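Below: the structure, in structure tokens.
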Amino acid sequence: MKTTSSADRDSCVTIELYGVPRVRAGRRECSVSASTVADAVRSLERQCPELTGSVIIDGCLHAAYRLSLNGERFISDPTTPLAAGDSLVLVAADAGG
Amino acid sequence: MFGYHGRYLRVDLSTCESQLVPLGEDVLRRFLGGAGLGTYLLHREAPAGVNPLSPDASLIFVLSPLVGTPLTTSAKFAVVAKSPLTDRLCDALSSSYFAIAAKRAGFDALVIVGAAKSPSVLVIDDGRVTIQPADRIWGMSSNEAESQLRAELGPQFHTAVIGPAGERLVRYATISHDSRHAGRGGLGAVMGSKHLKAIAVAGSKRVDLADPAGVVAAAKDLSARSFGPATAKYRELGTVANLLTFNRFAALPTRNFQHNMFEAADELAGENLMAAREVARKSCAACTIGCEHIYQVNGSTGSGQVRIEYESLFALGSLCGIADPNVVLAAARQCDELGIDTISAGATVAFAMECVERGLLDAPELRFGRGTAFRETLDRIGRRDGLGDLLAEGTRRVAEHIGGGVAAFAPHVKGLEIPGYEPRAMQTMALGFAVGSRGADHNRSGAYEVDFSDRANRLHGTADSARLAVETEDRAALLDSLILCKFLRGVFPDLFAESAELLRRVTGWNVTSDELHETAKRIVTAKKLFNLREGWTRGEDTLPARFLSEPLSLGVAAGASLSRQRLDEMITGYYAARGWDSDGTVPESLIEDLSLKDISELTPASISPCP
Chain A
5 MKTTSSADRD
15 SCVTIELYGV
25 PRVRAGRREC
35 SVSASTVADA
45 VRSLERQCPE
55 LTGSVIIDGC
65 LHAAYRLSLN
75 GERFISDPTT
85 PLAAGDSLVL
95 VAADAGG
Chain B
51 MFGYHGRYLR
61 VDLSTCESQL
71 VPLGEDVLRR
81 FLGGAGLGTY
91 LLHREAPAGV
101 NPLSPDASLI
111 FVLSPLVGTP
121 LTTSAKFAVV
131 AKSPLTDRLC
141 DALSSSYFAI
151 AAKRAGFDAL
161 VIVGAAKSPS
171 VLVIDDGRVT
181 IQPADRIWGM
191 SSNEAESQLR
201 AELGPQFHTA
211 VIGPAGERLV
221 RYATISHDSR
231 HAGRGGLGAV
241 MGSKHLKAIA
251 VAGSKRVDLA
261 DPAGVVAAAK
271 DLSARSFGPA
281 TAKYRELGTV
291 ANLLTFNRFA
301 ALPTRNFQHN
311 MFEAADELAG
321 ENLMAAREVA
331 RKSCAACTIG
341 CEHIYQVNGS
351 TGSGQVRIEY
361 ESLFALGSLC
371 GIADPNVVLA
381 AARQCDELGI
391 DTISAGATVA
401 FAMECVERGL
411 LDAPELRFGR
421 GTAFRETLDR
431 IGRRDGLGDL
441 LAEGTRRVAE
451 HIGGGVAAFA
461 PHVKGLEIPG
471 YEPRAMQTMA
481 LGFAVGSRGA
491 DHNRSGAYEV
501 DFSDRANRLH
511 GTADSARLAV
521 ETEDRAALLD
531 SLILCKFLRG
541 VFPDLFAESA
551 ELLRRVTGWN
561 VTSDELHETA
571 KRIVTAKKLF
581 NLREGWTRGE
591 DTLPARFLSE
601 PLSLGVAAGA
611 SLSRQRLDEM
621 ITGYYAARGW
631 DSDGTVPESL
641 IEDLSLKDIS
651 ELTPASISPC
661 P
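Sequence order for the protein chains is A and B.
Using our numbering, you'd call the opening residue of the first sequence number 5 and step up by one each time.
Using our numbering, you'd call the opening residue of the second sequence number 51 and step up by one each time.
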């Protein structure tokens, strides 16, 4: 009998970095395997340890940052499922200028 | 009295007389300071229906109970007047040592009425008032005039000055100090109409604090928090970070709002400006955030350094189709020197560019993306030369002059040009713009926060989001009256509760969070009452027809639209959330509930000086 591992269920997701996350990480985007937003944030932290302690704290996104799913809607629930080809757009929560 | 002097200084430039006028605790507690106290004073000092550029108009500089304390970002002041751009209330805030020096001069506000016969400088030295000739600095740029005055008067003086644009009554001229500007609404033109080139203040009078040790402790705590993640955007990159983000969300106004994305956004991106051009980072007076990022200007457009914010970057960049960062940075510096608001300047030129491209205005070189013509036009605006004389009037008056339906794409609300948030892609912000007391305004409404959250669908606004927009307005009203910088707002888990504690320590008042919620509502409604007095009609709470008839075409917002009916539903929801009548007027019962009954009875004739 074949079992499905967590890795098998994960989807390839792009995380686009804007503003401070981009400057700190020194890159525009990351590709991660994740089935949920929480997975994606953990994977992002592994790939970009420069974000630890400022953008990502205790494995969670700091309140000063937001994620948008495909640029279409902002999401705050870490259990939100992700599908292959999704993009998470990481930006500062404060859009004020 | 703690935290305040309990009086304001009233100077009549026509008669060269000055007097101190008492401010009671009742007024101060109801309106706090800054924008709130300024609104109260404008009701009192400005005759109904006054021409904003006439000698009868009042120009009011307002401090706050927190100015002079060690609280980070508290060195702020508000300038309040009836705007020559909108003919409605305008409050423009800024930060600098001018605020600290003015408070040490011994008053909580400075009201200027009348007009000098010739170019003048108002000098206030520890409360002693003199009006001195300004012929030698008339015509100078803001920076030159500031430097000259401080060299003459001494480094203890701090100044607020106008540039050549204010002298020539450009309707969006600024008031400059320490290279910052009280920028929006043309208050520099009000100052220019009084032949007042500059105000110089110095002083040594300090106010007592109710709990000095408590204030110091709060200041240390707030400073420590101001170094954290909530302010990292401002500290590490600055507001220019918005440009690329907004482009990704298809919310970046481009070519006079014809498009919602800019193909050259990468070239103007704050992330790239920082890497290639940033030379320094500075702070306002008494600020621990340090949001001022200074960039190098290179090339044929001239060299030098300039501070730029997102609003200037979009207005002088994508809105005018300008892709060359050298041109944008040089234009920002040019606006600073002339003393003109970059948002209104960029939007007015962008509007003119579209008129030219449609064959409605005869200025063949003034087309989107043409940097040389763009910068020449800015200079002409500042000097009211040729076409610049018309464009110095702002988009609303330019549209009236051209006629033929161009008002549909003149980007303003109530005459104030729209900041860098595409309303169709940020529809709670669209509501904030439509109902703003000073016009299209990103500083008095923070509704973009709602759009940048999961609490609303930014591409489809609803009446439900009106309540959220009201909350952002109330927070802004409180911060603008305390005064603290809005860039700090993310560090407060509960702004109203913490603000009450700060006020308790400064003033000794037993203020509560609930009281400050009511204070914020009072201040917003007091502004509305001023506008009602000046002829506000329901029809002004709207957006130009373009935003209500043309869907967006690009990116993730392609197809998004905002109908007039939906905007009207949101506006009706907003009035209801404010407790106003469905036609946007303020019911007598609310005036009573908010303790605003006396405000309509205030007139200049009711002013009596300190004994």
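We put the beta carbon where it would ideally sit given N, CA and C, even for glycine.
Just so you know, these numbers come straight off a predicted model, no measurement behind them.
At a CB-CB cut-off below 7 Å, which residues of chain B make contact with residue i?
| i | result |
| --- | --- |
| glycine 89(A) | What glycine 89(A) touches in chain B: nothing, since even the nearest Cβ is about 15 Å away. |
| aspartate 62(A) | Within 7 Å Cβ-Cβ: nothing; aspartate 62(A) doesn't reach chain B, min ~13 Å. |
| valine 95(A) | Thr295 |
| arginine 46(A) | Here the premise fails: no neighbours, minimum Cβ distance about 18 Å. |
Considering only DSSP beta bridges, list what residue i is partnered with.
| i | result |
| --- | --- |
| aspartate 81(A) | Paired residue(s): none; aspartate 81(A) is not in a bridge. |
| tyrosine 58(B) | Val71(B), Ala159(B) |
| phenylalanine 127(B) | Ser144(B) |
| glutamate 33(A) | Glu20(A) |
| glutamate 342(B) | Lys332(B) |
| valine 211(B) | Ser226(B), Ala248(B) |
| lysine 132(B) | Leu139(B) |
| glutamine 182(B) | Val171(B) |
Between the options, which has its C-alpha nearest residue i's C-alpha?
| i | options | result |
| --- | --- | --- |
| lysine 577(B) | Pro72(B), Asp76(B), Asp141(B) | Asp141(B) |
| leucine 534(B) | Ala550(B), Val520(B), Glu521(B) | Ala550(B) |
| alanine 260(B) | Pro654(B), Leu116(B), Asp501(B) | Leu116(B) |
| arginine 57(B) | Pro72(B), Leu437(B), Ala325(B), Cys385(B) | Pro72(B) |
| threonine 338(B) | Trp630(B), His93(B), Glu584(B), Thr122(B) | Thr122(B) |
| glutamate 663(B) | Val163(B), Gly278(B), Arg588(B) | The first residue shown for chain B is 51 and the last is 661, placing residue 663(B) beyond what the model contains. |
| alanine 610(B) | Glu548(B), Ala480(B), Gly558(B), Glu523(B) | Ala480(B) |
| aspartate 316(B) | Arg32(A), Arg13(A), Pro25(A) | Arg32(A) |
| glycine 623(B) | Val112(B), Thr478(B), Arg555(B) | Thr478(B) |
| proline 134(B) | Ser368(B), Pro594(B), Gln346(B), Gly242(B) | Gly242(B) |
If you drop the 5 nearest sequence neighbours on each side, which residues of the same chain put their C-beta closer than 6 Å to that of residue i?
| i | result |
| --- | --- |
| aspartate 106(B) | Pro97, Val100 |
| glutamine 51(A) | Cys34 |
| alanine 252(B) | Ala151, Asp175, Gln206, Phe207 |
| alanine 300(B) | Asn310, Met311, Ala475, Leu604, Gly605, Val606, Ala607 |
| leucine 640(B) | Gly629 |
| serine 47(A) | Val36, Ala38 |
| glycine 558(B) | Phe52, Ala260 |
| glycine 482(B) | Ser495, Ala497, Ala519 |
Against residue i, what residues of chain A qualify as contacts under a CB-to-CB distance less than 8 Å, listed in chain order?
| i | result |
| --- | --- |
| glycine 496(B) | Gly100 |
| arginine 433(B) | Within 8 Å Cβ-Cβ: nothing; arginine 433(B) doesn't reach chain A, min ~28 Å. |
| valine 606(B) | Asn74, Gly75, Glu76 |
| glutamate 499(B) | Ala97, Asp98, Ala99, Gly100 |
| methionine 324(B) | Val27 |
Round the Cβ separation of residue i and residue j to the nearest angstrom and send it over; I've been treating them as touching at under 8 Å.
| i | j | result |
| --- | --- | --- |
| leucine 18(B) | isoleucine 249(B) | With chain B represented from 51 up to 661, any question about residue 18(B) goes unanswered, as that position is not in the structure. |
| serine 72(A) | serine 37(A) | Not really, about 20 Å apart at Cβ, beyond 8 Å. |
| alanine 269(B) | proline 120(B) | 4 Å |
| alanine 381(B) | leucine 366(B) | 4 Å |
| alanine 44(A) | arginine 70(A) | With a Cβ gap of about 14 Å, alanine 44(A) and arginine 70(A) do not count as contacting. |
| alanine 314(B) | alanine 373(B) | 3 Å |
| alanine 324(B) | valine 17(A) | Just to set this straight, residue 324(B) is methionine in the shown sequence, not alanine. Their Cβ separation, rounded to whole angstroms, is 27 Å, which puts methionine 324(B) and valine 17(A) out of contact at 8 Å. |
| glycine 432(B) | leucine 388(B) | 3 Å |
| alanine 99(A) | asparagine 292(B) | 6 Å |
| lysine 464(B) | glycine 444(B) | Incorrect: roughly 11 Å between the Cβ atoms, too far for contact. |
| lysine 244(B) | glutamate 584(B) | With 8 Å as the limit, lysine 244(B) and glutamate 584(B) do not qualify as a contact, their Cβ atoms being about 20 Å apart. |
| arginine 298(B) | valine 93(A) | 6 Å |
Whose C-beta lies closer than 7 Å to the C-beta of residue i among residues of the same chain, with five residues either side of it excluded?
| i | result |
| --- | --- |
| leucine 440(B) | Val448, His451 |
| leucine 529(B) | Lys536, Arg539 |
| leucine 579(B) | Val636, Leu646, Ile649, Ser650 |
| alanine 330(B) | Ile344 |
| glycine 23(A) | Val95, Ala96 |
| serine 254(B) | Arg154, Asp176 |
| leucine 86(A) | Ser15, Val17, Ala38, Ser39, Thr40, Val41, Ala44 |
Mind listing the chain B neighbours of residue i? Cutoff is C-beta to C-beta under 8 Å, in chain order.
| i | result |
| --- | --- |
| valine 24(A) | Ala282, Lys283, Glu286, Leu287, Ala291 |
| isoleucine 79(A) | Asp504 |
| serine 58(A) | Pro279, Ala282 |
For a contact meaning CB atoms closer than 9 Å, what does residue i contact in chain B?
| i | result |
| --- | --- |
| alanine 29(A) | The premise fails here: alanine 29(A) is roughly 11 Å from chain B at the closest Cβ pair, so nothing lies under 9 Å. |
| alanine 68(A) | Gly278, Pro279, Ala280, Thr281, Ala282, Lys283, Gly540 |
Excluding sequence positions up to five away, which residues of its chain have a Cβ less than 8 Å from the Cβ of residue i?
| i | result |
| --- | --- |
| threonine 8(A) | Residue placement at threonine 8(A) cannot be trusted, given a pLDDT of 46 that sits under 50; the coordinates are not used to answer. |
| leucine 199(B) | Val171, Ile187, Phe207, Thr209, Val211, Ala248, Ala250 |
| glycine 419(B) | Cys370, Gly371, Ile372, Ala373 |
Could you list which residues in chain A have their beta carbon closer than 9 Å to that of residue i, in chain order?
| i | result |
| --- | --- |
| arginine 331(B) | Under the 9 Å cutoff, chain A gives no residues; its nearest Cβ is about 13 Å from arginine 331(B). |
| glutamate 600(B) | By Cβ distance, chain A contributes nothing, its closest Cβ being about 21 Å from glutamate 600(B), past 9 Å. |
Could you tell me which chain A residues have their CB closer than 7 Å to the CB of residue i, listed as they occur along the chain?
| i | result |
| --- | --- |
| tyrosine 345(B) | In chain order: nothing, as chain A lies at least about 15 Å away. |
| glycine 558(B) | The premise fails here: glycine 558(B) is roughly 32 Å from chain A at the closest Cβ pair, so nothing lies under 7 Å. |
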